[in-house]
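In our numbering, the protein residues as written are 1 to 157.
Idealized CB from N, CA, C, for every residue including glycine.
Every value quoted in this text rests on a predicted model; they were computed, and no experiment measured them.
See below for the structure under consideration.
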């Protein structure tokens with residue numbers, strides 16, 4: 001009986017030691033910029049970073065930067081996302097090891113003219129050109145370069 005109680009107590013102690021605070025593993029998102037247009041529409045830029053659960057000297061950091069275009073009624077028309085993966089030697093350096101991009105068009109009046117992405121040093125970079133059309137004519141063009149940067153401590157901006 002004593003051994004069983006000791007084993008249960010040991011298991012409970014081990015479970016308490018490895019419990020991770022759920023808020024510590026939540027993705028962090030921060031709004032970085034709002035750009036307003038004459039017609040009342042606006043573009044919000046946000047950075048989302050996946051948590052790093054290790055305290056090692058070298059870590060992998062992953063996150064994305066979104067450009068979300070809202071129409072004048074507050075509805076989302078399109079989202080352009082640049083995703084980057086970075087190798088970080090804490091306090092020393094950060095290098096982008098992978099980059100990708102995606103486009104989510106939710107309003108039929110918008111068309112993707114072009115999109116690309118590439119890596120450079122500690123940056124994941126994407127370019128997008130979106131065209132708004134009406135009756136087959138282009139009435140608005142938005143061109144943006146989206147740069148996701150990782151500093152030597154693993155912080156994304």
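- Its Cα nearest to that of residue 59, the residue 87 stands out among 112, 87, 70.
- Contact annotation, residue 134 with residue 113: C-beta distance approximately 15 Å; criterion of less than 8 Å not satisfied.
- By the beta-carbon neighbour count (other beta carbons within 10 angstroms, threshold 16), residue 118 is exposed.
- Counting along the chain, the unbroken beta strand (DSSP E) around residue 70 starts and ends at 58 to 70.
- In the three-state scheme derived from DSSP, where H, G and I count as helix and E and B as strand, residue 106 is classed as coil.
- By the neighbour-count criterion, in which a residue is buried when 16 or more other Cβ atoms sit within 10 angstroms of its Cβ, residue 39 is exposed.
- Residue 92 is classed as exposed because its beta carbon has fewer than 16 other beta carbons within 10 Å across all chains shown.
- With contacts defined as CB atoms closer than 8 Å, residue 99 and residue 83 qualify as a contacting pair.
- Within the model, the alpha-carbon separation for residue 149 versus residue 79 is close to 19 Å.
- The beta carbons of residue 110 and residue 127 sit no closer together than 8 Å.
- Listed in chain order, the non-local C-beta contacts of residue 63 below 7 Å within the same chain comprise 47, 48, 49, 50, 84, 148, 156, local neighbours out to five positions each way being set aside.
- For residue 57, the number of other beta carbons within 10 angstroms of its own is below 16, and it is reported as exposed.
- Between residue 69 and residue 41, the beta carbon gap of about 7 Å places them in contact (Cβ cut-off 8 Å).
- Residue state for residue 35 is assigned as strand, using DSSP reduced to three classes.
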